[in-house]
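Single-structure report; data block below.
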Amino acid sequence: LYNQTNDCLFTRGFSMADKITEAMVIAVLRRGSCVAGGTSRIINQFAKNEGIKADAEFLKKEYGIGGCAPAITWADIWEDHDAKGLRLRLHKRGPQLCELDEVRLSWAEVAKRIRTLIDMGLYVKGESYRDLYNAVNSLK
4 LYNQTNDCLF TRGFSMADKI TEAMVIAVLR RGSCVAGGTS RIINQFAKNE GIKADAEFLK
64 KEYGIGGCAP AITWADIWED HDAKGLRLRL HKRGPQLCEL DEVRLSWAEV AKRIRTLIDM
124 GLYVKGESYR DLYNAVNSLK
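Residue numbers (our numbering): 4 to 143.
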């Protein structure tokens, strides 16, 4: 037990980050549901302006149950999602795999953050966002 604890502390000391930052959360959210066409479906849902409750319910179904690791390539963030919401865990690999931090977001919290990113034009990179969002809004 001592060696495992010592290895984790040693690894933690050399981690580039030992806390999940807002930039990391945003990077995971901008990636979408990791299902083909997921980003388009998410933007379509939010363009309906049905409110946070409807958006949260949609996200719960869109993401489903599962996860991925790493969720973003520049940090060892693991993502899990289930009926309750999204869970992000920051790990540091070394002699022992060490969990350094964890963030849990309900689907309502995820919906609010995605809404903010969409409103700021930051949800999807580049012009593809504006083209897609404008096309969806023109259908109204």
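Backbone N, C-alpha and C define an ideal beta-carbon position, used for all residues, glycine too.
*Selection from R90, I80 and K22 that minimises the alpha carbon distance to E112*: For the purposes of this step, residue 112 is taken as residue 109 along the sequence shown, with counting starting at 1. The shortest Cα separation from E112 among R90, I80 and K22 belongs to R90.
_Cβ neighbours of R44 in the same chain (closer than 7 Å, five flanking residues each side left out)_ = Your numbering for residue 44 matches position 41 in the sequence shown. Hits under 7 Å: E65.
*Could you pull the start and end residues of the alpha helix (DSSP H) that E112 belongs to?*
As a first step, residue 112 is located in the sequence shown; it is residue number 109 there, counting from the start. Its alpha helix (DSSP H) spans residues W110 to D122.
*Can you tell me where the beta strand (DSSP E) with E82 in it begins and where it stops?*
As a working note, residue 82 is residue 79 in the sequence shown. I80 to H84 is the extent of the beta strand (DSSP E) around E82.
_A26 versus G40, I46 and A74, residue with shortest Cα-Cα distance_ = Translated into positions along the sequence shown, residue 26 becomes position 23. Residue A74 is the option with its Cα nearest to A26.
_Quick check: is the beta carbon of L32 nearer than 8 Å to any beta carbon in chain C?_
Among the chains of the structure shown, chain C does not appear; only one protein chain is present.
*Residues in its own chain within less than 6 Å of S36 by CB, not counting five upstream and five downstream?*
As a first step, residue 36 must be located in the sequence shown, where it is residue number 33. For S36, where only same-chain residues beyond five positions count, the Cβ hits under 6 Å are E65 and Y66.
*Thinking C-alpha only, which one of W110, K22, I29 and E82 is nearest G124?*
On the sequence shown, position 121 is the one that residue 124 refers to. Taking only the C-alpha atoms, the option nearest G124 is I29.
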